Amino acid sequence: MMKRYLMVAALALVLAGCGSNVKLDPPIEGSPTTGVGAAGDGAGGALGQGAGQSTVTQVQAGGAGADAQGPVGVGRVIYFDYDSFTVKPDYQGVVDQHARFLQANRGRSVSLEGHTDERGSREYNLALGQKRAEAVRRALTLVGATDAQIEAVSFGEESPAVAGSTEDAYARNRRVELRYR
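Just so we're aligned, residue 1 is where the sequence shown starts under this note's numbering, counting upward by one.
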């Protein structure tokens, strides 16, 4: 009888570990996209996809009406290369502006939502999306934001910004979105 209780308890723990507390808010549609690449970034693609690069390739501009709680006119989406979670130094200015905003407004907080394209397993993509969100979190905290102000979550491939199986769609889905709350 004791073995049965132990088995039920172990099974409950395993199933609880499989749960996910991922938010299912839809992505912002119709936001303008502005390329912000260094000279020589990927000549072949709209978002600068170079083979083997592990860098951020583009930042989406958020207009004044995109989110009244965050810094105005600062990018809100950071795009990543395939299978990468490294934030490129060229985009440290965007991170700096968000970190300074959070530092000056300690009552504000931001959710970093990591996303991937559809390639790879669900588990792998959830982990990669989390690594991307954590990379942006580390960059923000290095400049002055506090961990208490930042929540990093992963949507993996579950919430694409663009439907489709093209290189352009894949590139637009590999991102971290900053959502102030």
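We treat Cβ as the ideally placed atom computed from N, Cα and C, and that holds for glycine. Since the model is a prediction, treat every value here as computed from it, not as a measurement.
Separation of residue j from residue i, as counted between CA atoms
i	j	result
residue 172	residue 107	31 angstroms
residue 74	residue 89	16 angstroms
residue 168	residue 158	17 angstroms
residue 77	residue 110	13 angstroms
residue 101	residue 123	33 angstroms
residue 117	residue 166	10 angstroms
residue 179	residue 164	24 angstroms
residue 69	residue 148	17 angstroms
residue 212	residue 104	Here the chain has residues from 1 to 181 only, and residue 212 is not among them.
residue 153	residue 112	6 angstroms
residue 137	residue 121	24 angstroms
residue 155	residue 141	22 angstroms
residue 181	residue 119	30 angstroms
residue 97	residue 170	27 angstroms
residue 93	residue 143	10 angstroms
Where residue i falls: helix, strand or coil (DSSP)
i	result
residue 82	coil
residue 167	helix
residue 129	helix
residue 87	coil
residue 161	coil
residue 74	coil
residue 146	coil
residue 134	helix
residue 119	coil
Span of the beta strand (DSSP E) around residue i
i	result
residue 177	175-180
residue 254	Residue 254 falls outside the range modelled here, since the chain spans only 1 to 181, and no answer is possible.
residue 110	110-115
Of the residues the options, the one placed nearest residue i, counting alpha carbons only
i	options	result
residue 145	99, 115, 179	99
residue 161	82, 94, 147, 177	177
residue 114	125, 148, 105	125
residue 132	72, 69, 83	83
residue 151	143, 130, 170	130
residue 175	139, 81, 71	81
Supposed contact pair residue j and residue i - C-beta distance, whole angstroms, cut 8 angstroms
i	j	result
residue 87	residue 127	Not a contact, Cβ separation roughly 17 angstroms.
residue 72	residue 139	With a Cβ gap of about 20 angstroms, residue 72 and residue 139 do not count as contacting.
Residue i - containing alpha helix (DSSP H), residue span
i	result
residue 93	92-104
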